[in-house]
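Student: In our numbering, the protein residues as written are 772 to 844.
Think of the CB as a built atom: it goes at the ideal place given N, C-alpha and C, for glycine as much as any other residue.
Sharing a structure, written as structure tokens. Questions coming.
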């Protein structure tokens, strides 16, 4: 395993983790403070953001393993 490829995929990991954490905070911390319908919408958006964050990480891992991720991009 090349450590250079891990360094180039770092931005995907950071973006994915940040997006997922924002989604988790929305779904678990913020949503219970809203009324019924608004709480359901905020919870859904939080869960959606958490899943999108995981997809961002998956894209970074996929690009790293296929060699598409270069330091210049």
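1. Report the rounded CA-to-CA distance for residue 825 versus residue 814, giving the unit in angstroms.
2. Less than 8 Å separating the beta-carbons of residue 820 and residue 794?
3. Counting only C-beta atoms, is residue 796 closer than 8 Å to chain B at any point?
4. For residue 783, collect the residues of the same chain with a Cβ closer than 7 Å to its Cβ; drop the 5 residues on either side in sequence, then sort them by chain order.
5. Alpha helix (DSSP H) containing residue 781: first to last residue?
6. Leaving out five residues before and five after residue 799 in sequence, what residues of the same chain have Cβ atoms less than 8 Å from its Cβ?
7. Less than 8 Å between the C-beta atoms of residue 812 and residue 790, yes or no?
Tutor: In brief:
1. Position 54 of the chain shown, counted from the start, is the residue given in the question as residue 825. Position 43 of the chain shown, counted from the start, is the residue given in the question as residue 814. Whole-angstrom Cα-Cα distance: 17 Å.
2. Looking up residue 820 in the chain shown gives position 49. Looking up residue 794 in the chain shown gives position 23. Going by C-beta atoms, residue 820 is nearer than 8 Å to residue 794.
3. The displayed structure is made up of one protein chain only, and chain B is not part of it.
4. The count along the chain shown starts at 1 and reaches residue 783 at position 12. For residue 783, where only same-chain residues beyond five positions count, the Cβ hits under 7 Å are 827, 828, 830 and 831.
5. Residue numbering aside, residue 781 sits at position 10 when the chain shown is read from its first letter. Residue 781 -> alpha helix (DSSP H) spans 781-796.
6. As a first step, residue 799 must be located in the chain shown, where it is residue number 28. Contacts found: 817.
7. Counting from 1 along the chain shown, the entry for residue 812 is found at position 41. Counting from 1 along the chain shown, the entry for residue 790 is found at position 19. No, the pair does not count as a contact, with Cβ atoms beyond the cut-off.
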